[in-house]
Amino acid sequence: MPRLNGTDCGDEMEKIANKGRFGIFGGRYVPETLMPALEELEAAYDEVREDPAFKAELAAILDKYVGRPTPLYHAARLSGELGSLKIYLKREDLCHTGAHKINNTLAQVLLAKRLGKKRIIAETGAGQHGVATATAAALFGLECDVYMGEEDIDRQALNVFRMRLLGARVIPVTSGSRTLKDATNETLRDWTASVRTTHYIIGSVVGPDPFPRMIRDFQSVIGREARGQILEAEGRLPDVCVACVGGGSNAIGLFHPFLDDAGVELIGVEAAGRGIETGEHGASLNAGRVGVLHGCQMFLLYDDDGQIIPAHSVSAGLDYPGVGPEHSFIKDSGRARYHAIGDTDALRGFKRLSLLEGIIPALESAHAIAFLSVLAEEVRQAGGTKTVLVCLSGRGDKDVQQAEGLLRELSDDEAKG
Amino acid sequence: MQSSGRFEALFKRLSAEARAGLYPFVAAGDPNLAFTRRLIPALAAAGADGFEIGVPFSDPLADGPTIQRASMRSLKGGTTLRGVIDLVAEVRAEAPDPPMVLMTYYNPIIAFGLKEFCAEAARAGADAVIVPDLPPEEAGELLKAMAEVPLEPIFMLAPTSTDARIDLVNRSGGGFIYYVAQMGVTGARDTLAPDLGGALERINRVKNRPVAVGFGIKTPEQAAEAGALGDGVIVGSALIDVMENEDAEEEKIGAACRYIASLRSVLEKSRTTT
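Taken in order, these protein sequences are the chains called A and B. Last residue of the first sequence: number 417 in the working numbering, and the count goes up by one each step with no gaps. Last residue of the second sequence: number 691 in the working numbering, and the count goes up by one each step with no gaps.
See below:
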């Protein structure tokens, strides 16, 4: 659905509307109560992004507290097994708290302090963003409430405990599909009531402007570092960048510094869940249509009546029916392509990286790892080899309990099959 | 912007009667459309001046628990946007006067098609549309589709709205201005926001159309206060709460009518008190 220009509302409204958009995607589709807060946040963000003091404070925390820069690791055994790929892993799993999410939460907590907000709220799916938010709130002594779907609370018990230990209140969400989508609804509801004193730290590059571009900027540290590191290791840019995509924050963080490098192919990996044809998946870019939810226009899973279809993925972090507006845009423009990997293949990727490299990936990141087999086959057929930069967005400790059961089922099925 | 003329006629009458308008929110299809079809004329007879007709949505992020429950019951009953538009047409065939406002989140309109939605809503006899997740800045496409038919956009203002935003809503909207009296989501509250008078005064100074006050209004006392400060009163969750307390459909309609009548009685001459 193209965005129509030249309405009756005058140039002024057009000017406002085109701000904070990626083509037709993005925007600020929120209740009026939140609009002034988004204007305030935008002004504050415009100020700090140019402010050397803010940048220095953030850089120091990323260095001393998060452990940045994270290493770029040549996965030699995995590369050897796949044959046609030379694989480098950007080790975001080594960030403090175990995933890239903290790059964003620390920056936003610094921003919240500037705005004078006393309380932080967040939604979480897998719990990684919730843990990263609770950590940042603890570090700066702010009150923190995290909304989490009941179903996710069951599958991510470890992260629930971590959040509580860090002083956050975890509020179970019982509405709808009881996953990330519903936790996001509930956090937005809280924010409309509490916006004067509370900052909402969205966990991915979704939501109303300025969140998607602000979080993109905070996560771009991944791609900036990786770009320098691979130039040092290889003396040239990679042929391909690969990252998993739920909302898409680790992927946009990796991709963004390479957007202008036409020779670098960008591939996002969505969750095909039980298979796109079953309707139980999280592949908004592969199977969704343009729609509006949670404040932005994006590719979205919904039925013919416009009702949102709950997503499904074995990984709670990819279990979301929408996807960031900038991904929607670069998919539409053809700059990036998006593949989907199902639950079973993701589990195989989970196992493979553990066995070959001694790295247990998050189930989210395991989707990107599993896709490498597909890519290796493509490259082999084309005849050649490629250097691939993969964002290993998180570590799998949080998933081991769930994975144990799933892997047992998988090996039973394969023994039978 | 084209108008059906029904709001103008109503505002003229309200002004002559020196009272604020009463606009119930009805969750269409809760629990089925046949029930809503009976409820609306009954509420009109009990004193409602116009209606907000809510289209159910899977993710109603501006709504509190009461309207969430109503939406889920309605979706479970199979209600669609098309079904609600058909309902408006049936009600309109018998009730030529009361303004009817479709209230829907944006995604069902996108799925329906913006142009088709505006054309069919206007043809059915709806007078205006409220989209809670569509502020004026993002409404350009819908306004363009709406401009071709007699259908007006109603925009909201909130306690947090700046003077610049009041001006924007003033210039962009039709029907009435919907003033969201409470921070947060819809739902009955025991007290009105303490700064309601001051907030409305800021809008009343510059408004170019009537202001209706909604969110949180429950008791006749609250309605009287809101009706004295604003030009209209919107009740939604409280009306649903009243019906949830009854089991049989007859009882639900009876209780809803008694409730609306109780609000209407306190609004008589409400505008002479200011």
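We treat Cβ as the ideally placed atom computed from N, Cα and C, and that holds for glycine.
inquiry  = Residues of the segment 28-42 of chain A in Cβ contact with chain B at a cutoff of 9 Å, in chain order, please.
reply    = So the close ones are Arg28, Tyr29, Val30, Pro31, Glu32, Thr33, Leu34, Met35, Pro36, Ala37 and Glu39.
inquiry  = Taking CB distances under 8 Å as the criterion, tell me whether Thr691 (chain B) reaches chain A.
reply    = Here the model assigns Thr691 (chain B) a pLDDT of 45, short of 50, so the residue's position is not dependable, and the following value carries that caveat. No, Thr691 (chain B) lies away from the interface with chain A (no Cβ there is under 8 Å from its Cβ).
request  = Under 8 Å Cβ to Cβ from Arg274 (chain A), same chain only, skipping five residues before and after it: list those, please.
outcome  = Glu280, His281, His312, Gly342 and Asp343
task = With 7 Å as the C-beta to C-beta threshold (strictly closer), list the residues of the segment 308-320 of chain A near chain B in chain order.
result = Ile308
key: chain B contacts from the segment 71-93 of chain A (Cβ-Cβ distance under 9 Å)   = none
ask   = Roughly how many angstroms separate the alpha carbons of Pro152 (chain A) and Tyr29 (chain A), rounded to a whole number?
value = What sits at residue 152 (chain A) in the sequence shown is Asp, not Pro. Roughly 26 Å separates the two Cα atoms.
message = Any heavy atom of the ligand SAH inside 7 Å of the beta-carbon of Ala59 (chain A)?
response = Absence of the ligand SAH is noted for the structure shown, with no ligands found whatsoever.
query = Within 8 Å (strictly less), CB to CB, does Met520 (chain B) reach chain A?
reply = It does not; no Cβ of chain A falls within 8 Å.
request  = Run through the segment 164-224 of chain A for me and flag every whole beta strand (DSSP E) of 3 or more residues, listed as ranges in chain order.
outcome  = 169-173 and 198-200
key: Contiguous alpha helix (DSSP H) assignments of at least 4 residues, all confined to the segment 476-532 of chain B   = 482-493, 498-511 and 523-529
Same chain only: Cβ atoms within 6 Å of Met520 (chain B), ignoring 5 sequence neighbours per side = Glu469, Gly471 and Ile547
inquiry  = Would Gly446 (chain B) and Gly494 (chain B) qualify as a contact pair, given that the criterion is a beta-carbon distance under 8 Å?
reply    = Contact flag set, yes.
query = Using a C-beta cutoff of 8 Å, does Arg114 (chain A) count as contacting chain B?
reply = It does not: the Cβ of Arg114 (chain A) has no partner Cβ on chain B nearer than 8 Å.
query = By the 10 Å Cβ neighbour count, where 16 or more other Cβ atoms means buried, how is Ser682 (chain B) classified, buried or exposed?
reply = exposed
task = Starting from Leu392 (chain A), follow the beta strand (DSSP E) in both directions and report where the run begins and ends.
result = Lys386 to Leu392
request  = Check distances from the C-beta atoms of the segment 279-313 of chain A to those of chain B and list, in chain order, the residues that come in under 9 Å.
outcome  = Arg289, Val290, Gly291, Val292, Leu293, His294, Gly295, Gln297, Leu300, Tyr302, Asp303, Asp304, Asp305, Gly306, Gln307, Ile308, Ile309 and Pro310
message = My output table needs one value for Arg3 (chain A): the three-state DSSP class, helix, strand or coil.
response = Annotation note: pLDDT 36 at Arg3 (chain A) (below 50); position unreliable, coordinate value reported separately. Three-state result, Arg3 (chain A): coil.
key: Beta carbon of Ala112 (chain A) nearer than 8 Å to that of Leu142 (chain A)   = Taking 8 Å as the Cβ cut-off, Ala112 (chain A) and Leu142 (chain A) qualify as a contacting pair.
request  = Can you tell me which of B:Val586, B:Val623, B:Pro576 and B:Thr636 puts its alpha carbon nearest to the alpha carbon of Pro611 (chain B)?
outcome  = B:Pro576
message = Can you tell me whether Leu407 (chain A) is helix, strand or coil according to DSSP?
response = The answer is helix: DSSP assigns Leu407 (chain A) an H, G or I state.
query = So is Glu326 (chain A) buried or exposed if we call it buried at 16+ other beta carbons inside 10 Å?
reply = buried
query = What does Tyr523 (chain B) touch in chain A if you count any residue whose Cβ is under 8 Å from its own?
reply = Tyr29 and Val292
key: Under 9 Å from the C-beta of His189 (chain A): neighbouring residues of chain B   = One detail in the question is off: residue 189 (chain A) reads as Arg in this sequence, not His. Within chain B, the residues near Arg189 (chain A) are Leu478, Ala479, Asp480, Gly481, Gly601 and Val602.
Straight-line Cα distance separating Gly467 (chain B) from Met573 (chain B) = 17 Å
Ala487 (chain B) versus Arg189 (chain A) - alpha carbon distance = Distance between the alpha carbons of Ala487 (chain B) and Arg189 (chain A): 17 Å.
query = Do Tyr338 (chain A) and Leu285 (chain A) come within 8 Å of each other at the CB atom, strictly closer than that value?
reply = yes
First and last residue of the uninterrupted beta strand (DSSP E) at Ile651 (chain B) = That run of the beta strand (DSSP E) goes Gly649 to Val652.
key: Near-chain A residues of the segment 590-622 of chain B (beta-carbon distance less than 9 Å), N- to C-terminal order   = Tyr595, Val597, Gln599, Met600, Gly601 and Val602
Gly45 (chain A) - containing alpha helix (DSSP H), residue span = Correcting the residue type first, residue 45 (chain A) is Tyr in the shown sequence and not Gly. Unbroken alpha helix (DSSP H) run through Tyr45 (chain A): Met35 to Val48.
task = Using the Cα positions of Ile484 (chain B) and Thr278 (chain A), report the straight-line distance between them to the nearest angstrom.
result = 31 Å
inquiry  = Count Cβ pairs between the segment 347-354 of chain A and the segment 198-205 of chain A that sit closer than 8 Å; are there 3 or more?
reply    = no
inquiry  = Are the CB atoms of Leu372 (chain A) and Leu89 (chain A) within a distance shorter than 8 Å?
reply    = no
task = Using a Cβ-Cβ cut-off of 8 Å, state whether Met1 (chain A) counts as contacting chain B.
result = With a pLDDT of 32 at Met1 (chain A), under the threshold of 50, the modelled position of this residue cannot be trusted, and the question is left open.
ask   = So, does the CB of Gly176 (chain A) fall closer than 8 Å to a CB anywhere in chain B?
value = yes
inquiry  = At the 8 Å Cβ level, is Ile571 (chain B) part of the contact set with chain A, yes or no?
reply    = no
request  = Classify Ile309 (chain A) as helix, strand or coil using the three-state DSSP reduction.
outcome  = coil
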